[in-house]
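Position one of the sequence shown corresponds to residue -7 (the working numbering), numbered consecutively onward.
In what follows, a structure is listed as structure tokens, so that the remarks can point back to it.
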Amino acid sequence: MSNNVLITGGCGFLGSHLCERILQERTVDKLICLDNLQTGSLENVTHLLNNKSFEFVHADVVAGLDYDVDEIWNLACAASPDKYQLDPIHTFRTSVEGALNSGELAIKNRAKLFHTSTSEVYGDTLVSPQAEQYWGNVNPIGIRSCYDEGKRSAETVLFDLHRRDGLDLKVVRIFNTYGPRMAIDDGRVVSNFIVQALSGVDITIYGDGQQTRSFCYVDDLITAFTKVFSLPANFQGPVNIGNPTKFTVLELAELVIKITNSKSKIVYRNLPLDDPKQRKPDISLAVKKCGWSPKVSLEDGIRETVNYFRIQLSK
């Protein structure tokens, strides 16, 4: 019996870690890493290219999928506002058509589909922490809506396929995640602060720095992925995956300065449109269903991430 795996967005920050984890922990006949390299990088999977089970395919999930696979992990879509706003129509299509194409392929092959949604479906939240039952506060015509509403629509499509066609489905909602293999120009707060601190330039905080985020280290996140994937077929999710310990953006900047021993100063700029003011997951469902909670402290995770960026910046 074959054991073939497809990971869309497999060269991205999270996708590359997932490819690596599956090849480390399981025996598979083939792992197809599909990526259009819009935001992913082949460098993230270079160390896997010699693995006989690993295959890289340069393709776009929007163009359709036709592979003989037993499981599909859909991670395709730019996740940084700087990146997904460059081509908002393609971002929306990647979210919605990518989910539809993944779901239809899973149904055709009687395969299991694991879909990565996002905490951005909650928008600029009016409640904290955010539980899966919260329907959110999203601006449907804002500059971030291509991603926010795209991911919300993707969930709609997949749950309809589950109800109509029996799609074997698992959905997680990812909260702020960081770690090695984030792109230098990712544009999100952790990578921005670290690159600025290591470069000795001012660290830029948008707004007053009191907006809160919950930062989950990538290894913890991938562990949660594998645990949710293994849950019984009668549970689809969605499941919040993130770190429930919240920090202000200013606290993060101060921690980065401490760890890098940087002389950078903190400067403040106007808050971007639709930037959420608070983000904190309620992970009680993940704890109940999977026995999962994050293990890596923010300080330890930032140290690992700083080490990675030091090497990248020295190239």
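Backbone N, C-alpha and C define an ideal beta-carbon position, used for all residues, glycine too.
Opening and closing residue of the alpha helix (DSSP H) in which residue i lies
i, result
"R85", "P80 to N101"
"T252", "V241 to T252"
"F76", "Correcting the residue type first, residue 76 is Tyr in the shown sequence and not Phe. Where Y76 is concerned, the enclosing alpha helix (DSSP H) stretches over P73 to Y76."
"D160", "No alpha helix (DSSP H) holds D160; the beta strand (DSSP E) holding it covers D160 to I166."
"T297", "L290 to S306"
"I233", "Where I233 is concerned, there is no enclosing alpha helix (DSSP H), although the beta strand (DSSP E) it sits in stretches over V231 to I233."
Start-to-end residues for the beta strand (DSSP E) that takes in residue i
i, result
"E47", "F46 to H50"
"H310", "Outside the modelled stretch of the chain, which goes from -7 to 307, sits residue 310, for which no answer is possible."
"R156", "Segment S137 to D157 is the alpha helix (DSSP H) holding R156; no beta strand (DSSP E) there."
"S191", "First-last for S191: V181 to S191, but that is the alpha helix (DSSP H), not the beta strand (DSSP E)."
"L23", "K22 to D27"
"L(-2)", "N(-4) to T0"
"E17", "Looking at the DSSP string, E17 is not in any beta strand (DSSP E); the run it does join, the alpha helix (DSSP H), is F5 to E17."
Inter-residue spacing [alpha-carbon to alpha-carbon] between residue i and residue j
i, j, result
"F217", "K250", "31 Å"
"I214", "K281", "16 Å"
"N93", "S289", "37 Å"
"K75", "T83", "9 Å"
"L23", "P273", "31 Å"
"E124", "G115", "13 Å"
"T204", "D21", "43 Å"
"V88", "C208", "26 Å"
"L15", "K219", "16 Å"
"D212", "L277", "16 Å"
"N(-5)", "S72", "32 Å"
"D68", "C3", "The residue asked about is misnamed: residue 68 is Ala in this sequence, not Asp. Computed Cα separation, rounded: 9 Å."
"I64", "S8", "15 Å"
"S285", "F221", "16 Å"
"I133", "S145", "14 Å"
"E12", "R136", "31 Å"
"K307", "L34", "16 Å"
"V163", "T297", "27 Å"
"E96", "G142", "18 Å"
Where residue i falls, given that 16 or more other Cβ within 10 Å makes a residue buried
i, result
"E147", "buried"
"Q270", "buried"
"Y139", "buried"
"T86", "buried"
"H107", "buried"
"L26", "buried"
"I197", "buried"
"K44", "exposed"
"T38", "exposed"
"V119", "exposed"
Residue from the options whose Cα sits closest to the Cα of residue i
i, options, result
"I258", "Q188, I176, Q304 and K287", "Q188"
"D160", "I176, P224, S109 and G171", "P224"
"N28", "E47, T0 and N42", "T0"
"V54", "A278, T196 and Q30", "Q30"
"R295", "G32, R18, N235 and P172", "P172"
"N206", "K287, L57 and F239", "A small fix is needed here, since residue 206 is Ser in this sequence, not Asn. Checking every option, the nearest Cα to that of S206 belongs to F239."
"R156", "N226, I99 and N232", "I99"
"N262", "R13, D200 and M174", "D200"
"L150", "P230, L10, N36 and A175", "P230"
"Y300", "D52, L105, V210 and R102", "V210"
"K104", "P121, L(-2), V49 and Y260", "L(-2)"
"L6", "D79, T19, G32 and I81", "G32"
Distance cut-off 7 Å: residue i Cβ against heavy atoms of the ligand ZN
i, result
"D178", "With respect to the ligand ZN, the structure offers nothing, as it holds no ligand at all."
Flag this pair as touching only if the stretch 165 to 176 and the stretch 101 to 113 have three or more C-beta atom pairs under 8 Å; answer yes or no. Contact between the stretch 165 to 176 and the stretch 101 to 113 is present, because at least three Cβ pairs lie under 8 Å.
At a cut of 8 Å, does the stretch 177 to 194 reach the stretch 236 to 256 through at least three beta carbon pairs? Yes, since at least three Cβ pairs between the stretch 177 to 194 and the stretch 236 to 256 fall closer than 8 Å, the two stretches touch.
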